[in-house]
Amino acid sequence: MQIVSEVFKAYDIRGKVGSELTVELSHAVGRALADWLPTEGAVAIGRDMRPDSAELARNVMDGLRAQGRDVIDIGEVTSDMIYFAVGSQKLAGGAMVTASHNPGEYNGIKLCREEAKPIGQDSGLLEVKEIIETDAFKPTAAAPGALTEKDIAEDWVQHVLGFIEPDKLKEMRIAVDAGNGMAGKIFPELEPYVPWEVEEMYFELDGTFPNHEANPLKFETLADLIAKIKELKLDAGVAFDGDGDRAFLVDETGVVVPGNVMEAMLAEYFLDRFPGSAILYDLRSSRVVPDTIEAKGGRAVRTRVGHSFIKKVMREQDAPFGGEVSGHFYFRDNFYADSGLIAAVIGLYVAGLKGMKLYENREHYTRYATLEETNFEVEDKASALKKKKK
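One point on numbering: in my numbering, the residue at position 191 of the sequence shown is 735, and numbering is uninterrupted.
See below:
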């Protein structure tokens with residue numbers, strides 16, 4: 545039971561495969577999720593490309609089916625596609641087997657309920673954990689739930705394109721670094737529909753991440769992408785994280801477009817479409833974000849960090865867009881979920897619409913000096929927080 549406590553985090557389940565996240569535990573997660581979900585109906589299951597993801601996903605599905613839940617297996621997908629599957633198919637919930645950008649020895653499970661609502665520590669994850677810890681499962685079903693397979697890639701791409709007017713996309717030459725993650729499978733599905741010449745980098749699915757850590761928030765992982773942009777004199781670059789729900793743009797000079805700039809760019813775009821709306825930004829953001837929102841006539845709503853909290857406030861405010869400087873961008877018309885692909889497509893689209901190069905957009909929104917997020921380790925957390933309150 546100690547291991548169960550360790551792998552249940554604030555927003556997901558995550559740990560080292562074999563010693564912490566086991567096949568037995570993944571089966572128990574499936575059973576507990578089936579029992580906890582408040583809505584009747586099927587559950588979607590997706591997975592990333594890690595060597596053990598298929599086995600873990602199979603055990604989650606077996607656990608769900610043991611409790612009588614029908615399961616829709618959507619295969620290897622990006623994390624944002626599980627939210628799309630649950631929301632668009634009106635399912636009872638979903639589970640994505642992935643550890644995002646974490647090293648290859650890790651894996652995890654992200655859970656959501658109906659309408660793609662997140663299941664975090666304040667929204668059901670602790671209850672799922674308690675079912676497992678106390679062995680409080682409901683009796684297994686007389687007959688297992690049905691299992692079907694569904695390919696949603698085409699539906700997903702059309703959904704992404706629905707956020708823009710595709711015939712107004714500008715021709716571009718870009719490099720895309722998938723980091724051997726799931727974007728390497730999904731981005732090619734988009735390419736026939738966009739007028740972009742794409743230099744594909746590390747599109748081979750490999751959960752051991754042989755080329756670099758698939759975490760574009762660490763700008764040092766973008767060295768190869770930046771070099772390719774400069775070598776081929778490209779218009780832009782896109783870097784995805786391991787499970788594809790985050791993306792960063794790099795301009796034609798090889799400079800990363802920070803999360804703050806993307807927040808401001810996309811905020812203006814959505815306020816043009818939905819004037820006067822609330823736009824969410826997280827507390828780490830530069831002042832340029834609320835300044836841009838308010839100058840455009842929107843309502844700037846500052847939020848805590850964390851996807852479950854942001855999605856909740858977005859629903860309350862009916863906000864069409866919200867962002868975090870970490871590269872998570874949330875969209876009301878994507879069931880309030882984040883998506884790296886939607887953010888990247890809109891970002892490149894907006895730059896083209898303005899007739900400005902990407903670096904000109906970056907410079908336009910870079911008005912204040914910023915300090916990168918810095919973390920400190922302290923021995924006595926309670927004492928440190930007490931001092932900060934004085």
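Beta carbons are placed, not taken as given, at the ideal position from N, Cα and C, and that holds for glycine.
Answer yes or no: do VAL794 and GLY803 have a C-beta to C-beta separation smaller than 8 Å? In the sequence shown, counting from the first residue as 1, residue 794 sits at position 250. In the sequence shown, counting from the first residue as 1, residue 803 sits at position 259. No; because the gap between Cβ atoms is not below 8 Å, this pair is not in contact.
Validate contact between the segment 549-565 and the segment 601-613 using beta carbons, cut 8 Å, 3 pairs: Segments in contact, no.
Roughly how many angstroms lie between the CA atoms of LYS930 and ASP924, to the nearest whole one? For the purposes of this step, residue 930 is identified with residue 386 of the sequence shown, where counting begins at 1. For the purposes of this step, residue 924 is identified with residue 380 of the sequence shown, where counting begins at 1. C-alpha separation (whole angstroms): 10 Å.
If we ignore side chains and look at the alpha-carbon of each, how far apart do ASP789 and GLN861 end up? Counting from one through the sequence shown, the residue named residue 789 turns up at place 245. Counting from one through the sequence shown, the residue named residue 861 turns up at place 317. Between the alpha carbons of ASP789 and GLN861 lies a distance of about 23 Å.
Roughly how far, in whole angstroms, is the beta-carbon of PHE853 from the beta-carbon of GLU659, given that I think they are within contact range, below 8 Å? The residue labelled residue 853 in the question sits at position 309 within the sequence shown. The residue labelled residue 659 in the question sits at position 115 within the sequence shown. Between PHE853 and GLU659 a beta carbon distance of about 17 Å is seen, past the 8 Å cut, so the two are scored as non-contacting.
Could you give the residue range of the alpha helix (DSSP H) that holds THR836? By one-based count along the sequence shown, residue 836 stands at place 292. For THR836, the enclosing alpha helix (DSSP H) has its first and last residue at 832-839.
For PRO736, three-class secondary structure by DSSP: Sequence index remark: in the sequence shown, residue 736 carries index 192 (1-based). Helix.
If you measure between the beta carbons of LEU827 and ARG848, is that distance less than 8 Å? Along the sequence shown, read from residue 1 onward, the residue named residue 827 stands at position 283. Along the sequence shown, read from residue 1 onward, the residue named residue 848 stands at position 304. Their beta carbons are under 8 Å apart, which means LEU827 touches ARG848 by this criterion.
Taking the straight line between their C-alpha atoms, what separation do you get for ALA629 and LEU778? Against the sequence shown, residue 629 aligns to sequence position 85. Against the sequence shown, residue 778 aligns to sequence position 234. Rounded to the nearest angstrom, the two C-alpha atoms are 34 Å apart.
Under the rule that 16 or more other beta-carbon atoms within 10 Å means buried, what is ASP592, buried or exposed? What you label residue 592 is simply residue 48 of the sequence shown in a count that begins at 1. With 16 or more other Cβ atoms inside 10 Å of its own Cβ, ASP592 counts as buried.
Going by DSSP, which residues form a beta bridge with ASN646? For the purposes of this step, residue 646 is taken as residue 102 along the sequence shown, with counting starting at 1. None, per the DSSP bridge assignment.
Reference GLY798, options SER830, PHE763 and ILE708, closest by Cα: Your numbering for residue 798 matches position 254 in the sequence shown. Its Cα nearest to that of GLY798, the residue PHE763 stands out among SER830, PHE763 and ILE708.
With the cut-off set at 8 Å, would you say PHE784 and GLY867 are in Cβ contact? Residue 784 sits at position 240 when you count from the first residue of the sequence shown. Residue 867 sits at position 323 when you count from the first residue of the sequence shown. It is not a contact, given that the beta carbons lie outside the stated cut-off.
With a 10 Å radius around its C-beta and 16 neighbouring C-beta atoms as the bar for buried, classify LEU569 as buried or exposed. Within the sequence shown, numbered from 1, the residue matching residue 569 stands at position 25. Taking every protein chain shown into account, the CB of LEU569 has 16 or more other CB atoms within 10 angstroms, so this residue is buried.
Based on the DSSP output, what are the partners of THR678 in its beta bridges? Numbered from its first residue, the sequence shown carries residue 678 at position 134. DSSP output for THR678 lists no bridge partner at all.
Suppose contacts are defined by Cβ-Cβ distances below 8 Å. Is GLY652 in contact with LEU565 by that definition? Locating residue 652 in the sequence shown gives position 108, where the first residue counts as 1. Locating residue 565 in the sequence shown gives position 21, where the first residue counts as 1. The Cβ atoms of GLY652 and LEU565 lie closer than 8 Å to each other.
To test your reading of the DSSP string, which unbroken alpha helix (DSSP H) runs of 4 or more residues are found completely within the segment 819-907? Entirely contained in the segment 819-907, the alpha helix (DSSP H) runs reaching 4 residues are, in chain order, 832-839, 851-861 and 884-897.
Check: THR765 C-beta below 7 Å from any heavy atom of the ligand SAM: The ligand SAM is absent from the structure shown, which contains no ligands of any kind.
At 4 residues or longer, and completely inside the segment 564-635: list those alpha helix (DSSP H) runs for me, N to C. The alpha helix (DSSP H) runs lying completely inside the segment 564-635 and spanning 4 residues or more are 567-580, 597-610 and 623-632, given in chain order.
Give the range of the beta strand (DSSP E) segment to which LEU721 is assigned. The residue you call residue 721 lines up with position 177 of the sequence shown. According to the sequence provided, residue 721 is Asp. The question's Leu does not apply to it. Run containing ASP721: 716-721, per the beta strand (DSSP E) assignment.
Pairwise C-alpha distance: LEU581 and VAL604: For the purposes of this step, residue 604 is taken as residue 60 along the sequence shown, with counting starting at 1. For the purposes of this step, residue 581 is taken as residue 37 along the sequence shown, with counting starting at 1. Their backbone Cα atoms lie some 14 Å apart in a straight line.
Taking ALA808 as part of the alpha helix (DSSP H), name the residues at either end of that continuous run. If you number the sequence shown from 1, residue 808 lands on position 264. Start and end: 803-817.
Out of LEU885, GLU904 and VAL889, which has the shortest C-alpha to C-alpha gap to LYS729? Walking along the sequence shown from the start, residue 729 turns up at place 185. Checked all of LEU885, GLU904 and VAL889; the closest Cα to LYS729 is LEU885.
Opposing strand residues paired with THR692 [DSSP bridges]: Translated into positions along the sequence shown, residue 692 becomes position 148. Beta-bridge partners of THR692 (DSSP): ILE616.
CB TYR555 to CB GLY871, shorter than 8 Å? The residue labelled residue 555 in the question sits at position 11 within the sequence shown. The residue labelled residue 871 in the question sits at position 327 within the sequence shown. No; because the gap between Cβ atoms is not below 8 Å, this pair is not in contact.
Where does VAL922 land, buried or exposed, given buried means 16+ other C-beta within 10 angstroms? Mapped onto the sequence shown, residue 922 falls at position 378. Burial call: exposed.
Are the Cβ atoms of ASP617 and HIS571 separated by less than 8 Å? Start at 1 with the first residue of the sequence shown, and residue 617 comes out as number 73. Start at 1 with the first residue of the sequence shown, and residue 571 comes out as number 27. Judged by beta-carbon spacing, HIS571 lies beyond the 8 Å limit of ASP617, meaning their Cβ atoms are not closer than that value.
Cα-Cα separation, THR914 to SER830: Here residue 914 corresponds to residue number 370 of the sequence shown, with the count starting at 1. Here residue 830 corresponds to residue number 286 of the sequence shown, with the count starting at 1. Whole-angstrom Cα-Cα distance: 7 Å.
DSSP state of VAL799 mapped onto helix, strand, coil: Here residue 799 is taken as the residue at index 255 of the sequence shown, counted from 1. VAL799 falls in the coil class under three-state DSSP.
Between ASP787 and the rest of its own chain, which residues show a CB-CB distance below 7 Å, the 5 nearest in sequence each way excluded? For this step, residue 787 is matched to residue 243 along the sequence shown. Taking ASP787 as the centre and dropping the five residues before and after it, the same chain places the C-beta of ASP592, THR622, SER623, THR642, SER644, GLY725 and MET726 closer than 7 Å to its C-beta, in chain order.
Grouping DSSP H, G and I as helix and E and B as strand, with all else coil, what is GLU550? For the purposes of this step, residue 550 is taken as the residue at position 6 of the sequence shown. Shown here, GLU550 sits in a helix according to DSSP, grouped into three states.
Kindly indicate which three-state DSSP category ALA758 falls into: helix, strand or coil? Numbered from its first residue, the sequence shown carries residue 758 at position 214. Residue state, collapsed to three classes: coil.
Return the CA-CA distance between GLU674 and GLU550, expressed in angstroms with no decimal places. The sequence position of residue 674 within the sequence shown is 130, counting from 1. The sequence position of residue 550 within the sequence shown is 6, counting from 1. A straight-line Cα-Cα distance of about 13 Å links GLU674 and GLU550.
Where the beta strand (DSSP E) containing ILE557 begins and where it ends: As a first step, residue 557 must be located in the sequence shown, where it is residue number 13. According to the DSSP assignment, ILE557 belongs to the beta strand (DSSP E) that extends over 557-560.
Along the alpha helix (DSSP H) that carries VAL704, what are the first and last residues, could you check? As a working mapping, residue 704 is identified with position 160 in the sequence shown. VAL704: member of the alpha helix (DSSP H) spanning 697-705, first to last residue.
Under three-state DSSP, which class holds ALA791? Along the sequence shown, read from residue 1 onward, the residue named residue 791 stands at position 247. Looking at ALA791 - three-state DSSP - the assignment turns out to be strand.
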